[in-house]
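Residue numbers (this note's numbering), protein chains in the order written: chain U, 22 to 219; chain G, 217 to 466.
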């Protein structure tokens with residue numbers, strides 16, 4: 022195969038970049054087991070151990086990284102974060118969090134099973150779609166979370182906590198001002214819809 | 217070996233593609249502008265994309281497409297919410313819309329909720345700004361905007377005449393050429409919030425003359441004057457029918 026000499030150095034650079042990327046993701050995979058994440062989040066990062074634990078597979082890397090940092094520093098301490106998740110992070114460094122987040126982002130998100138129900142209309146009309154995108158899977162910024170296909174109980178806690186201000190880390194200040202548009206009763210069908218997005 | 221080279225080539229194409237995306241990112245992110253109080257600050261200095269947007273010929277069809285995401289918050293009709301969470305955009309002057317977008321983009325207004333939607337990789341460049349502003353210009357105003365308690369309107373009327381009319385006009389119509397916003401028919405709660413933020417300097421490219429003008433106002437004065445002006449009915453040809461739904465987004 023003929024390689025244009027002008028392209029060659031670039032091709033080599035690209036090769037190096039390619040070689041580096043899987044190595045990092047592989048680190049993340051190893052870390053995910055070694056640091057005990059699998060115990061709670063499941064080997065595929067899609068099978069949470071208990072009610073109220075989140076799925077992590079296919080999450081935006083930037084978002085997941087920030088959350089780990091914030092949980093470790095205590096900036097995010099709502100729900101089960103402080104008791105359950107924080108202690109694990111004492112043993113995880115920032116570069117390791119980065120590798121973990123990059124790895125998690127490569128995993129396929131589990132497709133839901135079905136009927137959208139009444140929540141879809143609320144999702145579309147209560148501004149959620151602007152930031153979290155169609156079906157909760159196309160957030161407007163890389164730092165925003167994918168929420169489609171997430172565990173229902175986890176979604177419920179986070180929505181309530183962002184609404185009440187119990188969770189106010191990261192970019193929650195973008196979302197908090199719209200949460201008075203949904204009542205507690207409306208949060209339930211929205212979570213139902215998001216959890217079941219196909 | 218062959219396969220390795222092929223893989224490299226594929227990877228090259230891939231990196232090249234990502235490369236352009238990466239390049240587009242930082243260059244498109246507008247820098248924070250100078251703020252009231254900074255050395256050499258000049259109100260509404262404009263320049264750059266703001267000026268460009270003002271001089272481009274708008275494409276309404278593209279404006280509708282850009283507006284689609286805005287509609288999630290400002291509503292398809294541009295009517296906002298009567299509780300003031302989202303301002304009414306319908307009826308606002310073209311130049312005001314463009315300047316405020318530029319200010320939100322430049323982080324001169326604290327608007328974390330809307331910030332991502334003002335960014336170039338969401339809206340696009342000056343042309344798209346011109347387009348969406350022109351589309352907003354086609355929308356008729358909310359016939360039932362949010363109001364205050366209506367208890368102190370005489371006091372408000374006098375204050376308005378003495379302190380605000382010279383810029384915002386005798387009935388709150390504003391002035392497109394001078395970037396003075398229309399206040400009549402805007403949701404009362406939204407006006408109260410913005411007024412407070414302008415007074416406190418939280419809107420960092422707000423008109424310095426106005427900031428000076430309003431410093432002495434008490435809470436009673438503020439409520440009265442804004443209740444008064446938000447209640448003024450804009451000219452009939454600017455108002456939409458009750459319950460109107462924008463057919464562009466059916």
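Note that the Cβ used here is the ideal one computed from N, Cα and C, for glycine as well.
The alpha-carbon of residue 215 of chain U is positioned some 11 Å away from that of residue 174 of chain U. Between residue 217 of chain U and chain G, the shortest Cβ-Cβ separation is not below 8 Å. At a cut-off of 8 Å between C-beta atoms, residue 81 of chain U does not count as an interface residue with respect to chain G. Counting only residues of its own chain and dropping the five nearest sequence neighbours on each side, residue 86 of chain U has a CB closer than 7 Å to the CB of 118, 119, 122. Annotation: Cβ neighbours of residue 194 of chain U in chain G (cutoff 7 Å, chain order): 328.
Cβ atoms of residue 328 of chain G and residue 151 of chain U stay farther apart than 8 Å, at about 13 Å. Neighbours of residue 301 of chain G in chain U, taken as residues whose beta carbon is under 8 Å from its own, are 198, 199, 201, 202 in chain order.
Counting only runs of 4 or more residues that sit fully inside the segment 128 to 199 of chain U, the alpha helix (DSSP H) segments are 140 to 146, 149 to 153, 173 to 185, 193 to 196, in chain order. Taking residue 278 of chain G as reference, the option from G:362, G:342, G:373 with the minimal CA-CA separation is G:342. Take residue 73 of chain U, set aside five residues on each side of it, and the residues of its chain with a beta-carbon closer than 8 Å to its own are 100, 101, 172, 174, 175, 178, in chain order. Counting C-beta pairs with one atom in each stretch, the segment 302 to 318 of chain G and the segment 368 to 384 of chain G have fewer than three that are closer than 8 Å, which means they do not touch. Under the three-pair Cβ rule at 8 Å, the segment 310 to 326 of chain G does not count as touching the segment 373 to 383 of chain G.
Scanning its chain for C-beta atoms nearer than 7 Å, with the 5 sequence neighbours on each side dropped, one finds around residue 80 of chain U the residues 125, 126, 166, 167, in chain order. Buried is the label assigned to residue 295 of chain G, since at least 16 other Cβ atoms lie within 10 Å of its Cβ.
Within chain U, the residues placing a beta-carbon under 7 Å from that of residue 332 of chain G are 161, 162, ordered along the chain. For residue 343 of chain G, the enclosing alpha helix (DSSP H) starts and ends at 342 to 353. Secondary structure note for residue 404 of chain G: its alpha helix (DSSP H) is the uninterrupted segment 404 to 416.
Chain G places a beta carbon closer than 8 Å to that of residue 148 of chain U, counting this residue as a contact.
Between residue 78 of chain U and residue 129 of chain U, the C-beta spacing is below 8 Å.
Residue 48 of chain U and residue 160 of chain U have their C-alpha atoms some 26 Å from each other.
Taking the Cβ atoms as the reference, residue 263 of chain G lies roughly 33 Å from residue 358 of chain G, outside the contact range of under 8 Å.
Scanning U:164, U:110, U:108, U:95 for the CA closest to the CA of residue 188 of chain U turns up U:95.
Between the C-alpha atoms of residue 286 of chain G and residue 292 of chain G there is a straight-line separation of about 8 Å. Within the model, the alpha-carbon separation for residue 414 of chain G versus residue 338 of chain G is close to 27 Å. Using beta-carbon distances, residue 289 of chain G counts as an interface residue toward chain U, with a partner under 8 Å. Nearest CB-CB separation between residue 338 of chain G and chain U: below the 8 Å threshold. Beta-carbon to beta-carbon, residue 350 of chain G and residue 270 of chain G are separated by about 11 Å, too far to satisfy the 8 Å threshold. In chain order, 150, 151, 161 make up the part of chain U whose C-beta sits under 9 Å from the C-beta of residue 285 of chain G. For residue 429 of chain G, the uninterrupted alpha helix (DSSP H) run begins and ends at 424 to 430, by DSSP. Close CB contacts of residue 260 of chain G within its chain, under the 8 Å cut and outside five residues either way in sequence, are with 315, 395, 421, 423 (chain order). Under the DSSP assignment, residue 90 of chain U falls in the alpha helix (DSSP H) whose first and last residues are 82 to 94.
Put simply, of G:332, G:348, G:427, G:266 the residue whose alpha carbon is nearest the alpha carbon of residue 281 of chain G is G:348.
Counting C-beta atoms within 10 angstroms of its own C-beta, residue 366 of chain G has fewer than 16 neighbours from the protein chains shown and is therefore classed as exposed.
Spatial neighbours of residue 331 of chain G in its own chain (CB-CB distance under 6 Å, excluding positions within 5 residues in sequence) are not present. Annotation: residue 303 of chain G to residue 407 of chain G spans about 9 Å, alpha carbon to alpha carbon.
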